[in-house]
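Okay, so the sequence shown: first residue is 71 according to our numbering, each after it adds one. Where is the CB? At the ideal position from N, CA and C, for every residue including glycine. The structure under discussion appears below in the form of structure tokens.
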Amino acid sequence: MRLVDADVADKWMRQNNSFIDAAILKAIPTIDAVPVVRCRECAHYKICDEWESGNRMLCEIHHHSYLDHDGDNHFCSWGQRKIETVLPKSDAKNESLEEIHANTRKTHADAIENARVHSEEANMDKPRICEVLGVEVGEVFGFNDFPFDGYKEFVVNENGEIKPNGNGTISPSEVCYLINNASCISKNPIWTEQDTQDAKVLARALLASGFERDMEGDVYTISERAGRTLLDSRMFPSIEPGQKIMLNEI
């Protein structure tokens with residue numbers, strides 16, 4: 071098996087004016103190389119007595135497919151990773167690999183559990199209603215799906231009470247409708263410094279007066295003078311599908 075360094079291949083193609091090949095290479099899905107152990111040093115490579123010849127060194131994973139894998143540079147994607155090389159070769163033949171894999175699984179499980187505990191601790195002081203609605207304490211959010219009223223804005227205070235943003239009142243029926251239809255809540259985008267700088271550049275270059283994300287997730291500029299321009303969908307990630315934001319709101 072021979073591996074090709076995609077970055078080196080791309081550089082070589084461009085230097086030799088093979089831009090079409092370079093474009094094709096860039097479009098091909100790739101993965102980062104994994105530091106596997108060569109077959110001869112792998113814990114899976116051991117004496118297999120199932121073969122008629124007996125006492126033959128074969129891969130316990132691949133012996134059924136008649137692959138010896140005994141070359142100097144042979145390896146496979148199922149092979150032992152270098153980070154798993156915790157036992158000498160002589161011991162690895164007789165030691166159950168299940169213990170190694172069990173330790174790896176336990177490490178992953180512990181990491182997940184620690185992340186869950188930290189997340190719960192971070193939310194201990196947050197009112198339960200914030201988790202239900204998907205908002206933070208003091209964050210202004212809107213709701214425009216009331217069957218009995220128009221668009222309104224609300225905020226959850228530190229006591230977990232839903233209050234109107236500004237003047238006005240909220241009825242018990244509106245509270246119930248909010249909780250049962252939390253997916254219809256709209257929140258104001260959170261602008262990072264990078265978002266602000268990008269918006270200023272696009273406003274000058276494309277005469278944009280705002281931005282919108284369609285229901286398919288594509289982002290466009292809003293401009294009466296230059297029309298709509300499709301942008302990278304990763305820009306302004308806090309703009310939700312179907313939402314429009316004008317520059318004066320950023």
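C-alpha distance - residue i paired with residue j, whole-angstrom precision
i, j, result
"Arg-304", "Ala-113", "44 Å"
"Glu-294", "Glu-223", "29 Å"
"Pro-311", "Asn-258", "13 Å"
"Ser-308", "Phe-281", "12 Å"
"Arg-110", "Cys-129", "9 Å"
"Asp-284", "Ile-315", "12 Å"
"Gly-238", "Asp-195", "27 Å"
"Val-245", "Gly-236", "17 Å"
"Gln-264", "Glu-286", "24 Å"
"Ala-273", "Gln-313", "18 Å"
"Pro-197", "Phe-306", "29 Å"
Assigned secondary structure, residue i (DSSP; H/G/I helix, E/B strand, else coil)
i, result
"Ile-249", "helix"
"Pro-307", "coil"
"Val-156", "With a pLDDT of 43 at Val-156, under the threshold of 50, the predicted position of this residue should be treated as unreliable, though the coordinate-derived value follows. Of the three classes helix, strand and coil, the one that applies to Val-156 here is coil, per DSSP."
"Ala-162", "Any reading at Ala-162 must be qualified, since the residue scores a pLDDT of 46, below 50, and its modelled position is unreliable; no value is offered."
"Arg-283", "strand"
"Leu-300", "strand"
"Val-226", "strand"
"His-234", "Correcting the residue identity first, residue 234 is Pro in this sequence and not His. Strand."
"Thr-266", "helix"
Integer-rounded CB distance, given that residue j should sit under 8 Å from residue i
i, j, result
"Gly-230", "Tyr-221", "That pair is no contact at about 23 Å."
"Ile-260", "Ala-278", "Between Ala-278 and Ile-260 the Cβ distance is about 20 Å, and since that is not below 8 Å, they are no contact."
"Ser-256", "Asn-214", "7 Å"
Residue i burial status per 10 Å Cβ neighbour count (16 or more: buried)
i, result
"Val-210", "exposed"
"Val-226", "buried"
"Ala-296", "exposed"
Measuring CB atoms only, is the segment 248-257 touching the segment 197-210, in the sense that at least three cross pairs come out at less than 8 Å? In this structure the segment 248-257 lies against the segment 197-210, because at least three pairs of beta carbons, one per stretch, are closer than 8 Å.
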